[in-house]
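What follows is a short report on a single structure.
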Amino acid sequence: MKSLTISICVVLFAFGCKNAEQTPQETKVAAAATTIPSSPVEAKDSSVLQNAITNNSQPGEMHKMMSLWNGTWTGEVTMWATPDAQPVKSNATVVNKMVLGNRYQQSTFKGTYQGKPFEGIGTLAYDNSRKLFLSTWIDNTSTGMMTAEGPWDPASKSITFKGTMSDPASGKLLDTKEIFKPIDNNYQVMEMYAIARDGKEFKTMEIKYTRKN
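Mapping the sequence shown onto the working numbering, position 133 (from 1) lands on 158, and the numbers just tick up by one.
Okay, structure coming up:
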C-alpha cells in the first residue's frame with residue numbers, strides 16, 4: 026500500500042508540472058487516470074498488518090512476569106578478573122520499575138567498582154513478535170552499550186542472554202553471555218561469562234539479589 030501511494034504521488038507531481046499546458050478537460054482526464062483503487066488483496070493485507078501491529082504492542086504474560094521483579098533489591102556482587110583470580114566482593118542496590126505502559130522494565134543500579142561509585146541503567150524488553158527477551162546496559166565506566174537477547178527457558182526457568190559489548194582496548198566487539206534466573210519472588214541470581222585467553226569460557230561475575238521491598 027505504501028509503494029502504491031508513493032507511485033500515485035509521483036504521477037500526480039508529473040501531471041501537475043504540465044497543468045499550464047492542459048485544458049480543464051484534459052486535467053480531469055489525467056486526474057481520473059491516476060485514481061487507482063486498492064485491490065481486495067491489498068486491503069486484506071493491510072488489515073492483517075494492522076492487527077499484527079496492535080497485537081504485538083500489547084503487554085503479555087512475559088511482561089506480567091517481568092512486573093513481578095519490580096521493587097528494590099540488594100545485591101551481593103562477586104567478580105573474577107581471570108579464571109584463577111581471587112574473587113572481589115561488593116554490595117549493590119537495584120531498583121526495577123515497569124515503564125511505557127508496562128511494556129519495558131528499567132533498572133537503576135548503584136554499587137562500587139574498585140572502590141569507586143558505580144552506576145548503571147538497564148532496560149529489559151520482551152519482543153512479542155520474536156518471542157525473545159532483549160536487554161541493554163550502560164554505566165559510568167564506559168561510553169558504549171551492551172546489548173543482548175535470549176529466550177525464556179521454561180524448563181530451567183531462566184533466560185540465557187547472548188550479545189556484544191565494546192572492548193575498550195581494541196575497540197572491537199566482544200561476545201557476552203549472561204544467565205538470569207529468578208528463583209522466586211524474593212531471590213534472583215545473575216551470572217556473567219567471558220572467554221579466557223585459552224579460549225575457554227569462565228564466570229566473570231555473579232550477583233545474588235534479595236528483595237528489599
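Built from N, CA and C at the ideal position, the CB exists for glycine as well.
As the structure is a computational prediction, the values presented were derived from the model and not from experiment.
Out of 122, 131, 115 and 208, the CA that lies nearest to the CA of residue 142 is found in 115.
With fewer than 16 neighbouring CB atoms inside 10 Å of its own CB, residue 79 falls in the exposed class. The distance from the Cβ of residue 119 to that of residue 234 is about 7 Å, consistent with a contact at the 8 Å cut-off. With the rule of 3 Cβ pairs closer than 8 Å, the segment 93-111 does not count as touching the segment 165-182.
Going by DSSP, residue 91 is part of no beta strand (DSSP E) but of the alpha helix (DSSP H) stretching over 86-92. For residue 103, the uninterrupted beta strand (DSSP E) run begins and ends at 96-104, by DSSP. Scanning 230, 91, 218 and 163 for the CA closest to the CA of residue 126 turns up 91. In the three-state DSSP reduction, residue 75 falls in the helix class (H, G or I). Using a 10 angstroms sphere on the CB of residue 113, the tally of other CB atoms stays under 16, which defines it as exposed. DSSP places residue 153 outside both helix and strand once states are collapsed to three, so it counts as coil.
Here the C-alpha atom of residue 184 lies approximately 11 Å from the C-alpha atom of residue 216.
For the pair residue 163 and residue 188, the CB atoms are not nearer than the 8 Å cut-off. Only buried fits residue 121, as 16 or more other CB atoms lie within 10 angstroms of its CB. Per DSSP, reduced to three states, the secondary structure at residue 80 is helical. Counted as a single uninterrupted DSSP element, the beta strand (DSSP E) harbouring residue 200 occupies residues 198-209. Shown here, residue 70 sits in a helix according to DSSP, grouped into three states. With a cutoff of 8 Å on beta-carbon distance, residue 160 and residue 140 are scored as not near each other. With a cutoff of 8 Å on beta-carbon distance, residue 202 and residue 218 are scored as near each other. Spatial neighbours of residue 214 in its own chain (CB-CB distance under 6 Å, excluding positions within 5 residues in sequence) are listed in chain order as 206 and 233. Counted as a single uninterrupted DSSP element, the stretch harbouring residue 170 is not any beta strand (DSSP E), since DSSP gives it neither H nor E.
By the beta-carbon neighbour count (other beta carbons within 10 angstroms, threshold 16), residue 130 is buried.
Between residue 179 and residue 157, the C-beta gap is not smaller than 8 Å, which leaves the two residues out of contact.
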